[in-house]
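Please read the structure below before turning to the comments.
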Amino acid sequence: MSPDVLEKVAFWMEQGLRGRALSQQYTAHMDALIGNVFREAGDPENLLLLATGGYGRKELAPFSDIDIMFYAPNRDDAAAAEKILYRLWDEKIDISHAFRTTKECLDEVHKDVRTRTTLLESRYLAGSRRLYEQFRQDVYPAVAFRKQKQFIAEKLMEMEKRHLGEGDSIYLLEPHIKEGDGGLRDIHTILWLSKIAYKIEDVEGLRFLISPHDHRRLLGAYDFMIQARFCLHLECKRRNDILSFEHQKAVAACLGFRDTRKFSGAERMMRYYYLKGRIIRDVSRSVVVLCSREYTTVFRDFTRKRLSPDFLLSGGKIIAVRDDLFEDRPEKIMEAFYFHAKTGKSFSHALRERIRESLLRINRRTRNNAEAAQHFLEIMKGRRVFETLREMHETGVLGRFIPEFGALRSLVVHEPYHLYTVDEHSLIAIRNLERLRTTTVRGLAHLKDIMQGVEHPDVLFLAILFHDIGKAAGRHHEEEGYKRLKSLMERFNFEPQKRRRIEILVRNHILMSRVSMTREVSDPDVVAAFAETVGSSENLKAIYLITYADMSAVNPHFWTAWKALLLRDLYENTANFLSGYRQIRLKQPGSIVSTFPRQEQPAVAAYVEEMTDRYLIATPEAVLKEDYLLFTKGREKGFSMRIDCKADGVADIVVCSTDAPGLFSRIVGYLSMKRLNIVHGRIFTGKTGIVIDKISVSNWNEFWWDGCEQDLARGLEDAVLGRRDFEPVRQKSAAHDLYDVFIDIDNESMVSLSVIEIFSQDRIGLLYDISRVLYESGVSIISARINTEAGLAQDVFLVQENGGKVTAFTIHELLKGLWKTLKD
5 MSPDVLEKVA
15 FWMEQGLRGR
25 ALSQQYTAHM
35 DALIGNVFRE
45 AGDPENLLLL
55 ATGGYGRKEL
65 APFSDIDIMF
75 YAPNRDDAAA
85 AEKILYRLWD
95 EKIDISHAFR
105 TTKECLDEVH
115 KDVRTRTTLL
125 ESRYLAGSRR
135 LYEQFRQDVY
145 PAVAFRKQKQ
155 FIAEKLMEME
165 KRHLGEGDSI
175 YLLEPHIKEG
185 DGGLRDIHTI
195 LWLSKIAYKI
205 EDVEGLRFLI
215 SPHDHRRLLG
225 AYDFMIQARF
235 CLHLECKRRN
245 DILSFEHQKA
255 VAACLGFRDT
265 RKFSGAERMM
275 RYYYLKGRII
285 RDVSRSVVVL
295 CSREYTTVFR
305 DFTRKRLSPD
315 FLLSGGKIIA
325 VRDDLFEDRP
335 EKIMEAFYFH
345 AKTGKSFSHA
355 LRERIRESLL
365 RINRRTRNNA
375 EAAQHFLEIM
385 KGRRVFETLR
395 EMHETGVLGR
405 FIPEFGALRS
415 LVVHEPYHLY
425 TVDEHSLIAI
435 RNLERLRTTT
445 VRGLAHLKDI
455 MQGVEHPDVL
465 FLAILFHDIG
475 KAAGRHHEEE
485 GYKRLKSLME
495 RFNFEPQKRR
505 RIEILVRNHI
515 LMSRVSMTRE
525 VSDPDVVAAF
535 AETVGSSENL
545 KAIYLITYAD
555 MSAVNPHFWT
565 AWKALLLRDL
575 YENTANFLSG
585 YRQIRLKQPG
595 SIVSTFPRQE
605 QPAVAAYVEE
615 MTDRYLIATP
625 EAVLKEDYLL
635 FTKGREKGFS
645 MRIDCKADGV
655 ADIVVCSTDA
665 PGLFSRIVGY
675 LSMKRLNIVH
685 GRIFTGKTGI
695 VIDKISVSNW
705 NEFWWDGCEQ
715 DLARGLEDAV
725 LGRRDFEPVR
735 QKSAAHDLYD
745 VFIDIDNESM
755 VSLSVIEIFS
765 QDRIGLLYDI
775 SRVLYESGVS
785 IISARINTEA
795 GLAQDVFLVQ
805 ENGGKVTAFT
815 IHELLKGLWK
825 TLKD
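Sequential numbering of the sequence shown, starting at 5, is according to the numbering used here.
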């Protein structure tokens, strides 16, 4: 786009043009420019120029594609069209073009639904009026009136795939304004469908299909989305329809959202965006039903079944016996949802509208109504928990009945890796937990078995529903949520045992993930402390399940095989602890030695005596045998290594050598140079200085090539025995600097270890640089957990200085060195 056009757009916005009016003004400007070029080229009489796609429906944004089509009786006029194109390009107009004859149009309409859609929105731009009439007579009927049922089916399938591809939710923290659920493309889709089914030409014509109230709401949402897209294009100075974190502040300012004491302008804008997205989604669904009904043969169910004195099942829909039921009995709304959950049937359109119109009748009296509370709790015990809560949330009932959850509606909290708003995250967590009951995913079989054995799954669903209610008040949400939970418990009159479990789960819902990701789960002190908080085996199962649900709902890729392994290790170690199992290997070391041939047993016994308790607890017997063989080779040669490959693509690179200052740093430097993604590191040092380093890498399958094991062995041997430093080439990740560097050194949590937690933008060589700072400060790394996702590194190191905790002076030096390294 040329600078002068950008200036015109900015001027129109300053003059107060908004939404469709602004887009139409910009379209008219481009119409004039392109029309002038066409006429200056001689105005060829056998050539017609059509605006198509978004340009055809007069919905241009500053950096939109400008779609045009040249139409001619035959290919003889292609040269004239090409001449016009060159002139348009000379004017720096970003044109997307096609040249078609009548036959080519008809052929492509029958073969390609996208071409048919493009031509459905075509309008006259320049050229022969005679040819335009010919196009409307010969081509347009094939576009608009043939194979309507097939077109509608294909568009609905396209809509579903598009939603899935863009996160399948309105409530993404970084939504796609055009293609996302509740975005502009949903409006385009219902315009295409209504044009085919009802011959409605534009969004104004939808007033004949939907209520005046819904039509006004849709027009307002349409204007807002167009305006937001304009602001985003101007901010980025290019075509970009993803409302990402880095642009939200500027777009909010462009749209007129200002900071308040409680929320930033960006947060206020995003909540407004979700409100408009919901309107588009709801109205779109209504129009889709109307349009598809015209071309779909549906079995009509005329049976009627009484569900209660107030509700019937009629024609496969739940209906109320009278329209004014909720005026004096708003608690009956919850009974309607109870039948929704119990029967698996949806509400009639009329009943859904009555529910939405009665929202303000759900007040304190309704919330304290025992019948309403009982129906809600029965829903939580059923088999359609997520589906029913989703419908309650979308109609607005859930937030009115539980205001503590209503405060989370469309709430934006910028946290690392999170993809959804707080309310959406909670509902997706419930969905993921409920799906465990029937999952066929092999990696979830262990969790499925536990879920199926849970006696009161409703407690888990309630805990997840309530687990983030403290976020409405800001930081430290676990404690704040626990305070708000007390009034909820009283309102629902829970049994004491259920109440205690829900309180434990809400208060500690991130504890298991935090411990598994930041502590050594084989450490007896860590397990004992976690077990003390959890309290019982039943609580442990519950907190394990909601930890899975919570983590898997962060984003579709956050739950990984590696995290699943860490959590399962912590779960099993804690389960053993709670059942009375205590360090059996340490009590019966002879049982390990006896599995070896008699002639090797004295050497094995010496190896077991050499290694620490932490190693013996953390190492399964089969792995211990492999480590002993590695130890034997390492003691003779000074270096040995092996690679343990796992089915999930993770590989453990195990190195045995004599301990030396900077050893771990040199090893990770070499592996980083090789572009191996390190996710975990454990260092086991024997009593006489032999060390076994176990480093897990997550991208082994992508890295592997025939002979790479020998290549790694040579390089690592050079690093260990030759004490050679391999400094990786430093390169920043592409992640934006949304989050600040964070460093914390904890000298209180563990008996003899200090804990260093680091949160930073990731880059190649980061782990090497951190380990060098630790080495140069005289600190020994005992264990390391390395977590890198979405361009962010979240690393935890368990360290010692001279066999004990790090001193105050060293903490000062570490902080100084780490800050310098991470900020450079």
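Each residue gets a CB set at the ideal place from its N, CA and C atoms; glycine is no exception.
Bear in mind the structure is a predicted one, so any value in this text is a computation, not a measurement.
Start-to-end residues for the alpha helix (DSSP H) that takes in residue i
{"i": "Cys358", "result": "In the sequence under discussion, the amino acid at residue 358 is Arg, which differs from the Cys named in the question. Per DSSP, Arg358 belongs to the alpha helix (DSSP H) from His353 to Glu361."}
{"i": "Tyr548", "result": "Ser541 to Ser556"}
{"i": "Leu819", "result": "Ala812 to Lys827"}
{"i": "Ser775", "result": "Leu770 to Glu780"}
{"i": "Thr662", "result": "Run containing Thr662: none in the alpha helix (DSSP H); it sits in the beta strand (DSSP E), Ala655 to Thr662."}
{"i": "Leu466", "result": "Pro461 to Phe470"}
{"i": "Phe228", "result": "Pro216 to Cys240"}
{"i": "Ala376", "result": "Ala374 to Lys385"}
{"i": "Asp332", "result": "Leu329 to Asp332"}
{"i": "Phe707", "result": "Trp704 to Phe707"}
{"i": "Leu316", "result": "It is not in any alpha helix (DSSP H) - Leu316 instead sits in the beta strand (DSSP E) that spans Phe315 to Ser318."}
{"i": "Ala201", "result": "Leu188 to Tyr202"}
Extent of the continuous beta strand (DSSP E) to which residue i belongs
{"i": "Asp697", "result": "Ile694 to Val701"}
{"i": "Arg686", "result": "Ile682 to Thr689"}
{"i": "Phe643", "result": "Phe643 to Cys649"}
{"i": "Phe801", "result": "Leu796 to Gln804"}
{"i": "Leu247", "result": "Looking at the DSSP string, Leu247 is not in any beta strand (DSSP E), and its letter there is neither H nor E."}
{"i": "Ile760", "result": "Ser758 to Gln765"}
{"i": "Arg104", "result": "Ile99 to Thr105"}
{"i": "Asp573", "result": "Segment Ala565 to Leu582 is the alpha helix (DSSP H) holding Asp573; no beta strand (DSSP E) there."}
{"i": "Met73", "result": "Ile70 to Ala76"}
{"i": "Arg308", "result": "Arg308 to Ser312"}
Proximal residues to residue i (C-beta, below 7 Å), its chain only, five neighbours per side dropped
{"i": "Ile785", "result": "Phe668, Ile687, Ser775, Leu778, Phe801 and Val803"}
{"i": "Glu524", "result": "Val530, Ser787 and Leu802"}
{"i": "Lys820", "result": "none"}
{"i": "Ala254", "result": "Glu239"}
Opposing strand residues paired with residue i [DSSP bridges]
{"i": "Gly131", "result": "Leu52"}
{"i": "Phe42", "result": "For Phe42, which the question treats as bridged, DSSP gives no partner whatsoever."}
{"i": "Asn791", "result": "Gln798"}
{"i": "Ile831", "result": "As shown, the chain starts at 5 and ends at 828. That puts residue 831 outside it, with no answer to give."}
Distance between residue j and residue i (C-alpha atoms, nearest Å)
{"i": "Val117", "j": "Tyr202", "result": "19 Å"}
{"i": "Ala76", "j": "Pro7", "result": "34 Å"}
{"i": "Thr616", "j": "Lys678", "result": "31 Å"}
{"i": "Gly386", "j": "Leu364", "result": "27 Å"}
{"i": "His379", "j": "Val458", "result": "21 Å"}
{"i": "His251", "j": "Leu236", "result": "7 Å"}
{"i": "Phe67", "j": "Leu437", "result": "43 Å"}
{"i": "Tyr276", "j": "Val510", "result": "29 Å"}
{"i": "Ile596", "j": "Glu625", "result": "7 Å"}
{"i": "Arg673", "j": "Gly719", "result": "Before going on, a small fix: residue 673 reads as Gly here, not Arg. Distance between the alpha carbons of Gly673 and Gly719: 11 Å."}
{"i": "His80", "j": "Arg150", "result": "Sequence inspection shows Asp at residue 80; the His mentioned does not correspond to that position. The straight-line gap from Cα to Cα measures roughly 29 Å."}
{"i": "Leu448", "j": "Val558", "result": "17 Å"}
{"i": "His219", "j": "Glu205", "result": "15 Å"}
{"i": "Arg297", "j": "Glu339", "result": "29 Å"}
{"i": "Leu223", "j": "Leu195", "result": "13 Å"}
{"i": "Ala25", "j": "Asp98", "result": "22 Å"}
{"i": "Lys691", "j": "Asn806", "result": "14 Å"}
{"i": "Gly726", "j": "Ile671", "result": "12 Å"}
{"i": "Gln587", "j": "Arg618", "result": "Only weak support exists for where Gln587 lies, its pLDDT of 45 falling under 50; the value from the coordinates is given anyway. Cα-Cα distance, rounded: 10 Å."}
{"i": "Pro601", "j": "Gly584", "result": "32 Å"}
{"i": "Gly60", "j": "Cys240", "result": "24 Å"}
{"i": "Glu604", "j": "Ala610", "result": "10 Å"}
{"i": "His740", "j": "Phe763", "result": "Because the pLDDT at His740 is just 46, under 50, the model does not fix this residue reliably, and the point stays unresolved."}
{"i": "Glu752", "j": "Ser758", "result": "8 Å"}
Own chain residues within Cβ distance below 6 Å of residue i, not counting five before or after
{"i": "Glu170", "result": "His180, Glu183 and Gly184"}
{"i": "Glu63", "result": "Ser27"}
{"i": "Lys591", "result": "Caution applies to Lys591, whose pLDDT of 40 falls short of 50 and renders its modelled position unreliable; the model cannot decide the point."}
Neighbourhood of residue i by C-beta distance below 8 Å, restricted to the same chain and skipping five residues each side
{"i": "Thr347", "result": "Leu311, Leu317 and Ile322"}
CB-CB length for residue i against residue j, believed under 8 Å
{"i": "His422", "j": "Leu177", "result": "6 Å"}
{"i": "Leu633", "j": "Ile657", "result": "Contact flag wrong, Cβ pair sits at about 16 Å."}
{"i": "Leu259", "j": "Gln231", "result": "6 Å"}
{"i": "Val389", "j": "Ile432", "result": "Their Cβ separation, rounded to whole angstroms, is 13 Å, which puts Val389 and Ile432 out of contact at 8 Å."}
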